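Asker: Starting off with a structure, shown below.
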Amino acid sequence: MKIVIVLAAVIAAASAQIRPLPVPLRPVPYGGPEAGAVILNQVYEPNPDGSYIYSYETSNGIRAEQRGFLKNPGTPGEAQVMQGSYSYTGPDGVVYTINYIADENGYRAEGAHIPAAPRAYNPRFPGAPGPF
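Under mature numbering (1 follows the signal peptide of the UniProt record, and there is no 0), read the sequence shown as residues -16 to -1, 1 to 116, first letter to last.
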């Protein structure tokens, strides 16, 4: 009985068709309509103290700028600070702008389309603004 089962399994495996993976008929072009964007303006200014300023603008409306510096150099509270903004046009035609800062307290971004953290609720004063 075991021989019959093994023999049936061997025959089934030998007669199985091996099919190649499907290949897309048309390859998708890399980059889409934004692939032709070029840099219109680019600035990078490093300074001897380690601070810097950079910015760029592309032909498809993307803009970015950032500055960085060392906060409280030579002290225990020394921290690298980077702050700036970037903007782009979304698929809906709206220009989105994000302003950010990254320092010893982490990365924080703000933009009209980014949800804000909820304010703290104080049950004694429900209408009062939170500590933020």
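Here a beta-carbon is modelled for each residue, glycine too, at the ideal position from N, C-alpha and C.
Since this is a predicted model, take the numbers as computed values, not measurements.
Which residues bound the beta strand (DSSP E) around residue 65?
Answerer: What you label residue 65 is simply residue 81 of the sequence shown in a count that begins at 1. 63 to 73 is the extent of the beta strand (DSSP E) around residue 65.
Asker: With respect to 7 Å, is the separation between the Cβ of residue 108 and the closest non-hydrogen atom of the ligand SAM below this value?
Answerer: Absence of the ligand SAM is noted for the structure shown, with no ligands found whatsoever.
Asker: Which residues in the same chain have their Cβ closer than 8 Å to the Cβ of residue 82, if we skip the five residues on either side of it in sequence?
Answerer: Here residue 82 is taken as the residue at index 98 of the sequence shown, counted from 1. Within the same chain, Cβ atoms closer than 8 Å to the Cβ of residue 82 are found at 69, 70, 71, 93, 94, 95, 98, the five residues on either side in sequence being excluded.
Asker: May I ask which residues mark the beginning and end of the beta strand (DSSP E) holding residue 48?
Answerer: Residue 48 sits at position 64 when you count from the first residue of the sequence shown. Where residue 48 is concerned, the enclosing beta strand (DSSP E) stretches over 47 to 55.
Asker: Looking at C-alpha atoms only, which residue of 84, 57, 66, 100 is the closest neighbour of residue 37?
Answerer: Stepping through the sequence shown from its first residue, residue 37 is reached at position 53. Of 84, 57, 66, 100, the residue nearest in Cα terms is 66.
Asker: May I ask you to list the residues that DSSP assigns as paired with residue 92?
Answerer: On the sequence shown, position 108 is the one that residue 92 refers to. Partner(s): 85.
Asker: Rounding to the nearest angstrom, what Cα-Cα distance links residue 56 and residue 62 in this structure?
Answerer: Sequence index remark: in the sequence shown, residue 56 carries index 72 (1-based). Sequence index remark: in the sequence shown, residue 62 carries index 78 (1-based). Cα-Cα distance, rounded: 5 Å.
Asker: Give the secondary structure of residue 37 by DSSP, where H, G and I count as helix, E and B as strand, and everything else as coil.
Answerer: On the sequence shown, position 53 is the one that residue 37 refers to. Residue state, collapsed to three classes: strand.
Asker: The beta strand (DSSP E) that contains residue 30, what's its start and end?
Answerer: As a first step, residue 30 is located in the sequence shown; it is residue number 46 there, counting from the start. For residue 30, the enclosing beta strand (DSSP E) stretches over residues 23 to 30.
Asker: Using a threshold of 8 Å, state whether the C-beta atoms of residue 35 and residue 52 are closer than that.
Answerer: Here the question's residue 35 lines up with position 51 in the sequence shown. Here the question's residue 52 lines up with position 68 in the sequence shown. In contact: residue 35 and residue 52 (Cβ atoms closer than 8 Å).
Asker: Per the DSSP calculation, residue 42 is bridged to which residue(s)?
Answerer: Position 58 of the sequence shown, counted from the start, is the residue given in the question as residue 42. For residue 42, which the question treats as bridged, DSSP gives the partners 23.
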